[in-house]
Amino acid sequence: MEFMTNFNSQAPAFTGLFRFNEPLADHTTFKVGGPADLWIRPEGAGFPAYAAALLEAAGKGGIPVFILGGGANLVVSDRGIRGIVLDTTGYAGVEDESEGVSEGEGLLRFRAGTTVDRALEEAAARSCSGLEFLAGMPGSIGGALWMNARCYDREIADVITGVRLLEGGRILTMTQDKKDYGYKKSPFQGRSLVILGGVFSVTKKDPAFIREEMESRRKDREKKGHYRFPSAGSAFKNNREFGKPTGKIIDELGLRGLSRGDAQIAPWHGNLIINRGRARAGDIRALLDEVQERVHTALGFTLEPEIIFTGEGF
Ligand SMILES: Cc1cc2nc3c(=O)[nH]c(=O)nc-3n(C[C@H](O)[C@H](O)[C@H](O)COP(=O)(O)OP(=O)(O)OC[C@H]3O[C@@H](n4cnc5c(N)ncnc54)[C@H](O)[C@@H]3O)c2cc1C
């Protein structure tokens, strides 16, 4: 369900950063990617109005705009992104109008550019529980909503009650409807919009319990080798019809350690592609294609990439 609110799209004075020919390797967790023609990161409360004006002007000029969160699920091509990259990470923090969080339960409102880890720290500081399962997951709240990020058998759609969007020059508030989400699917995909923020349902709990939960997730990720090398998390989606997790399928075909240039299937996990240092986006693409082909030849399954490839040439 969507509600529209009045919105004055007049752009405020620009606060933030922008650069021409900005290397996107500096803005992705894989540490690969060529330049954006223009990278722009508006900062602070003026973000929605600024983004609206930018999108309107770019639309009139036929200039493409790519929306960037934490860059944790992306492989940007070596040639980079033509047009504008609108970086959302300058629009971060808890909204003042978060409600009821001092009582038994309530709603916490995070701006889209807030990193997941910062959001969790802000929640813990208010003794708010419910989001701990996401601890240690790289990326922003906006990216997690767009991806319907999931881990430990839970997904972001389980804890969200509303999302604020910028679409068609207007700000919309979309109330959560679980049926609009699926495995790695959200109602935001395939639309031209900017997620501005999310409203999360939380309950009041002992901060020591919350921190313990968060710490145990972070340690588990560390133990699984998530942070040993640059990556974008799982390379492929899981598919129940294939009978086992994708990592196991790749392991059983003996593909761990396979490499193209400095891109490699992690020697400790079949569904993780890592950048051993100087990988190019093209190496990652070639490696992923090869794994896909070898699995298809051996088993007849087509693995679906979870990583998003974007930019000129992809
Ligand atoms: C070590 C590691 C572990 C990971 N573990 C997990 C895991 O357990 N579970 C999981 O689901 N993922 C995991 N990931 C992948 C990644 O963390 C998530 O997909 C994350 O939600 C991506 O968020 P982001 O802000 O980085 O999005 P980005 O990578 O920047 O963007 C992803 C997509 O979302 C769009 N987007 C981003 N922000 C907005 C916005 N505000 N408005 C509109 N569109 C937007 C982008 O255009 C793009 O299409 C992992 C990644 C790494 C590196």
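Anchor point for the sequence shown: position 88 equals 84 in my numbering, and the numbering is continuous, going up by one each time. Yeah, the Cβ is synthetic: ideal placement off N, Cα and C, and Gly gets one too.
Query                                                                                                                                                                                : Result
Spatial neighbours of Glu151 within its chain, please: CB distance less than 6 Å, with the 5 preceding and 5 following residues excluded, ordered by chain position.                 : Asn144
Just grab the DSSP bridge partners of Arg272 for me.                                                                                                                                 : Paired residue(s): none; Arg272 is not in a bridge.
Is the beta carbon of Gly138 closer than 8 Å to that of Ala108?                                                                                                                      : yes
What I want to know is whether the C-beta of Gly178 ends up closer than 7 Å to one or more non-hydrogen atoms of ligand 1.                                                           : no
May I ask whether a heavy atom of ligand 1 can be found less than 7 Å away from the beta carbon of Val81?                                                                            : no
Any heavy atom of ligand 1 within a distance shorter than 7 Å of the CB on Tyr223?                                                                                                   : yes
Classify Met(-3): buried if its beta carbon has 16 or more other beta carbons within 10 angstroms, exposed otherwise.                                                                : Note that Met(-3) has pLDDT 44, beneath the 50 cutoff, so the model's placement of it is unreliable and the number below is only indicative. With fewer than 16 Cβ atoms within 10 Å of its Cβ, Met(-3) is classed as exposed.
Trp264: buried (16+ other C-beta within 10 angstroms of its C-beta) or exposed?                                                                                                      : exposed
Measuring only the C-alpha atoms, how far is Arg274 from Ser123?                                                                                                                     : 42 Å
Taking C-alpha atoms, which residue in Gln185, Arg37 and Asp285 lies nearest to Thr16?                                                                                               : According to the sequence provided, residue 16 is Phe. The question's Thr does not apply to it. Phe16 has its Cα closest to that of Arg37, out of Gln185, Arg37 and Asp285.
Leaving aside the five residues before and after Arg256 along the sequence, list all residues of the same chain whose C-beta is less than 6 Å from its C-beta, in chain order.       : Asp279, Ala282 and Leu283
Identify whether Ala9 lies in helix, strand or coil by the three-state DSSP scheme.                                                                                                  : coil
Could you tell me the alpha carbon to alpha carbon distance between Cys147 and His222, rounded to whole angstroms?                                                                   : 13 Å
Might you give, ordered along the chain, the residues of its own chain that have their beta carbon closer than 6 Å to the beta carbon of Ala294, omitting 5 neighbours on each side? : Leu249
Pick out whichever of Asn271, Gly102, Ala9 and Glu118 has its Cα sitting closest to the Cα of Ala24.                                                                                 : Note on identity: in this sequence residue 24 is Thr, with Ala being the wrong assignment. If we check each option's Cα against that of Thr24, Asn271 comes out closest.
Kindly examine ligand 1 and report whether one of its heavy atoms sits closer than 7 Å to the Cβ of Ile191.                                                                          : yes
Would you check if the region 293 to 307 and the region 233 to 240 touch, i.e. whether three or more CB-CB distances between them fall below 8 Å?                                    : yes
Please report the residue range of the beta strand (DSSP E) in which Val90 lies.                                                                                                     : Premise fails: Val90 is in no beta strand (DSSP E) and is neither H nor E.
Tell me whether Ala342 sits in a helix, a strand or coil according to DSSP, three-state version.                                                                                     : No statement about residue 342 is possible, as the shown extent of the chain runs from -3 to 310 and does not include it.
So the candidates are Ile80, Glu117, Gly296 and Gly178; which of them puts its Cα closest to the Cα of Gly239?                                                                       : Gly296
For a test of the three-state rule: what should DSSP assign to Ile59, helix, strand or coil?                                                                                         : coil
Taking only three categories from DSSP, how would you classify Thr25?                                                                                                                : coil
With a CB to CB cut of under 6 Å and the five nearest residues on each side skipped, what residues in its chain are close to Asp74?                                                  : Gly30, Arg276, Ala277 and Gly278
Starting from Ser255, follow its DSSP beta bridges and name the residues at the other end.                                                                                           : Gln260
For Leu312 and Lys244, what's the separation of their Cα atoms in angstroms?                                                                                                         : Past the edges of the chain, shown from -3 to 310, lies residue 312, and the structure says nothing about it.
Any heavy atom of ligand 1 closer than 7 Å to the Cβ of Trp142?                                                                                                                      : yes
State buried or exposed for Pro183, treating a residue as buried only when at least 16 other CB atoms are found within 10 Å of its CB.                                               : buried
Ala228 and Ala45 - do their beta-carbons sit closer together than 8 Å?                                                                                                               : no
Say the cut is 7 Å; is the CB of Phe62 nearer than that to a heavy atom of ligand 1?                                                                                                 : yes
Check whether the region 118 to 132 and the region 167 to 177 are in contact - that is, three or more C-beta pairs closer than 8 Å.                                                  : no
Rounded to whole angstroms, how far is the Cβ of Ala32 from the Cβ of Val112, which I believe are closer than 8 Å?                                                                   : That pair is no contact at about 23 Å.
In whole angstroms, give me the CA-to-CA distance for Trp35 and Gly193.                                                                                                              : 21 Å
Considering only DSSP beta bridges, list what Asp83 is partnered with.                                                                                                               : Leu64
Report, in whole angstroms, the separation of the C-beta atoms of Thr110 and Ser136, which I expect to be a contact under 8 Å.                                                       : 6 Å
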